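Trainee:
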Amino acid sequence: MSSVYQLVCFDFPFRKRFGKDNVILSDIRKPPEHVFLSGPFIYSDILDYKNLREIVVNNRVTWLFHYSALLSAVGEANVSLARAVNITGLHNVLDVAEEHGLRLFVPSTIGAFGPTSPRNPTPDLCIQRPRTIYGVSKVHAELMGEEAHSPFCYEKTHRPDSLSDYAVQIFHDAVKHGRFECNLEPSTRLPMMYIDDCLRATLEVMEAPAESLSMRTYNVNAMSFTPAELAQEVLKHVPEFQITYNVDPVRQAIADSWPMNFDDSNARKDWGWKHDFDLPELVTTMLNFHGSESRVAQAN
Ligand SMILES: NC(=O)c1ccc[n+]([C@@H]2O[C@H](COP(=O)([O-])OP(=O)(O)OC[C@H]3O[C@@H](n4cnc5c(N)ncnc54)[C@H](O)[C@@H]3O)[C@@H](O)[C@H]2O)c1
Ligand SMILES: C[C@@H](O)[C@H](N)C(=O)O
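Note that our numbering has the sequence shown beginning at 7, numbered continuously upward.
#1: When you compare the CB positions of residue 237 and residue 277, do they come within less than 7 Å of one another, or not?
#2: For the beta strand (DSSP E) that residue 233 lies in, which residues bound it at each end?
#3: Can the beta-carbon of residue 283 be found less than 7 Å from the beta-carbon of residue 227?
#4: Going by DSSP, what residue range makes up the alpha helix (DSSP H) through residue 143?
#5: Just to confirm, is the Cβ distance from residue 47 to residue 31 under 7 Å?
#6: Could you tell me if residue 296 is buried or exposed, where buried requires 16 or more neighbouring beta carbons within 10 angstroms of its beta carbon?
#7: Go ahead and pull the three-state DSSP assignment for residue 133.
#8: Using the Cβ count rule (16 or more neighbours within 10 Å means buried), how would you classify residue 122?
#9: Starting from residue 104 and walking both ways along the alpha helix (DSSP H), at which residues does that stretch end?
#10: Scan the region 194-269 and note each continuous beta strand (DSSP E) run of 3 residues or more that stays entirely inside, going in chain order.
#11: Among 195, 171 and 221, whose alpha-carbon lies nearest the alpha-carbon of residue 154?
#12: Can the beta-carbon of residue 140 be found less than 7 Å from the beta-carbon of residue 188?
#13: Does the structure place the region 82-91 close enough to the region 239-248 that three or more beta carbon pairs sit under 8 Å?
#14: Would you check if the region 64-76 and the region 94-110 touch, i.e. whether three or more CB-CB distances between them fall below 8 Å?
#15: Beta-carbon separation of residue 264 and residue 133 under 7 Å?
#16: Do the CB positions of residue 177 and residue 77 come within less than 7 Å of each other?
#17: State the beta-bridge partners of residue 48 as determined by DSSP.
#18: Identify which residue in 256, 150 and 285 has its Cα closest to the Cα of residue 137.
#19: Keeping to the same chain, check which residues put their C-beta closer than 7 Å to that of residue 239; ignore five residues upstream and five downstream.
#20: In this structure, how does DSSP classify residue 309 when only helix, strand and coil are distinguished?
#21: If you drop the 5 nearest sequence neighbours on each side, which residues of the same chain put their C-beta closer than 7 Å to that of residue 63?
#22: Check whether the Cβ atoms of residue 261 and residue 190 sit closer than 7 Å, and answer yes or no.
#23: For residue 115, name the three-state secondary structure that DSSP assigns.
#24: Going by C-alpha to C-alpha distance, which of 49, 65 and 41 sits closest to residue 28?
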């Protein structure tokens, strides 16, 4: 778990909604202590089909939220592993879901679009020719879900992380050092979503009555900003804050092929999607979090 998950742990809304013991978390990585102690946690490798089936049968699982993946930058660095985890792993999940009648959620991403997609705004349905293995695997996931057209739900969201992890690191560095070096150009506009909104969207689409869903894949939008705009907002709270730019050409090329903004009118119309966090609320929340974290560290 990374980035804004630190602020609101991934499982908390799920455990709050369904009961602590009714949500089983799994990973191949050792979880932080607070996650491990928050309820059932097990080892599970998405590539081990027999083990997936065993977990579903032994625990009478009914819903499956499939988050395991290699993200864009990591995927480009290890294409064969990304292909295995993102595509073979997805097939395992689809098969186990079909075999046991599970309701399945798989997040898609802005990375599922490419340079030939309309970028501002990007509609639900358009050309999707991504240039990364991550994007290709997510388009594959979208199409597999639509092909199955039983209760599969796919959602294209974006929250600050990985390729765009600048939008998370900036808060830590602003509080700790008063400065931040950004690896994207100041004018790189990307859609972003705060994790609370992301998780609420996940629950809302999963709980929406089937007849209200006119599609299987929805764009879900919140805010959209550039590093320069984010820095301006941070500056309102941290007057000494300075941002410099040291652009990573590989990351920049990927970001330049991604949507700048989403048209999510179908999600708003079909199941009432509405985001809570815009840029000012995001910045205040993240700075408060990092501020209180650094005060705890100082006290210790
Ligand atoms: N971070 C974003 O901005 C963003 C945006 C849109 C969609 N998503 C999607 O959300 C999901 C989670 O993303 P994240 O940001 O939490 O990424 P992350 O890298 O923090 O988490 C991915 C997890 O997958 C696990 N994993 C890798 N190989 C595995 C395997 N063989 N078996 C089981 N687990 C394995 C990793 O250990 C890791 O915990 C992904 O599907 C991603 O595409 C993320
Ligand atoms: C785009 C999104 O899915 C993720 N932040 C990535 O960079 O891979």
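Don't be surprised by glycine CBs; every beta carbon is placed ideally from N, CA and C. Just so it is clear, the structure is predicted and the values come from calculations on it, not from any experiment.
Mentor: According to the data block:
#1: 7 Å or more divides the Cβ of residue 237 from the Cβ of residue 277.
#2: Boundaries for residue 233: no beta strand (DSSP E) harbours it, while the alpha helix (DSSP H) harbouring it runs 233-243, taken from the DSSP string.
#3: For the 7 Å CB-CB criterion, residue 283 and residue 227 do not form a contact.
#4: First-last of the alpha helix (DSSP H) with residue 143: 139-154.
#5: A contact, by the Cβ cut-off of 7 Å.
#6: Residue environment analysis places residue 296 among the buried positions, since at least 16 neighbouring C-beta atoms fall within 10 angstroms of its C-beta.
#7: If DSSP states are grouped into helix, strand and coil, residue 133 belongs with coil.
#8: Of the residues assessed, residue 122 falls on the exposed side of the cut-off, its CB having fewer than 16 other CB atoms within 10 angstroms.
#9: Residues 95-106.
#10: Listed in chain order, they are 196-198, 223-225, 229-231 and 248-251.
#11: Ranking 195, 171 and 221 by Cα distance to residue 154 puts 221 first.
#12: Against a cut-off of 7 Å, the Cβ pair of residue 188 and residue 140 comes out as no contact.
#13: Contact check between the region 239-248 and the region 82-91: fewer than three CB pairs, one atom from each, fall below 8 Å, which does not count as touching.
#14: Taking 8 Å as the limit for Cβ pairs, the verdict is that the region 64-76 does touch the region 94-110.
#15: Not closer than 7 Å, so no.
#16: No.
#17: Residue pairing by DSSP puts residue 48 in a beta bridge opposite 32.
#18: When each option's Cα is compared against that of residue 137, the closest is 256.
#19: Apart from sequence neighbours up to five positions away, the residues of its chain that approach residue 239 with a beta-carbon distance below 7 Å are 285, 286 and 289, ordered along the chain.
#20: In the structure as shown, the chain starts at 7 and stops at 306, and residue 309 therefore has no counterpart that could be examined.
#21: Once the five neighbours on either side are set aside, residue 63 has no close Cβ partner at all.
#22: With contacts defined by Cβ atoms closer than 7 Å, residue 261 and residue 190 form a contacting pair.
#23: DSSP places residue 115 in strand when its eight states are reduced to three.
#24: Residue 65 is the option with its Cα nearest to residue 28.
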